[in-house]
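In full-length UniProt numbering, the protein residues as written are 1 to 133. Glycine included, every Cβ here is placed at the ideal spot set by N, Cα and C. Computed from a predicted structure; not experimentally measured. Please read the structure below before turning to the comments.
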């Protein structure tokens, strides 16, 4: 889902589920306290809250993050670069996409919050971020 916004709060406010997006964003901030979220917009088809440096930039996505939080119509997606092996072990197959985890609602978030946190920590250990060497 593409949302054109000027700032992070604009993006969150325009999302279909601002409360869930805020919860996911807060969780990400607890795992990566030294890194700043920023609004990313490729100007055409994709906008998200980005974190870290994109380790594999492709045209139009050079400024995307290693981790991107994107509001979708029916869920909040965590898009990431890297293996999703830990995701496959922790979450139902129906919520794992190609390079993403779909967080469908508050009930799902509450049930899997610790698993999401631990999966994010695994990403932080093996992927570069803008605050790492």
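Give me whichever residues DSSP pairs with residue i in a beta bridge.
| i | result |
| --- | --- |
| residue 17 | DSSP, once it has assigned bridges, lists no residue as partnering residue 17. |
| residue 48 | 40 |
I need the boundaries of the beta strand (DSSP E) containing residue i, first residue and last residue.
| i | result |
| --- | --- |
| residue 180 | Limits of the chain in this structure are 1 at one end and 133 at the other, which puts residue 180 out of reach. |
| residue 69 | 67-71 |
| residue 91 | Unbroken run through residue 91: none, as it is neither H nor E. |
| residue 77 | 76-80 |
Is it buried or exposed for residue i, if we count other Cβ within 10 angstroms and need 16 for buried?
| i | result |
| --- | --- |
| residue 10 | exposed |
| residue 15 | buried |
| residue 35 | buried |
| residue 2 | exposed |
| residue 47 | buried |
| residue 133 | Note that residue 133 scores 39 on pLDDT, short of 50, meaning its location in the model is unreliable and no value can be drawn from it. |
Nearest CA to the CA of residue i: which residue from the options?
| i | options | result |
| --- | --- | --- |
| residue 118 | 91, 98, 95, 105 | 91 |
| residue 64 | 79, 74, 72, 75 | 79 |
| residue 102 | 122, 69, 121 | 69 |
| residue 21 | 12, 29, 28 | 12 |
Thinking C-beta only, is residue j closer than 8 angstroms to residue i?
| i | j | result |
| --- | --- | --- |
| residue 62 | residue 54 | yes |
| residue 66 | residue 87 | no |
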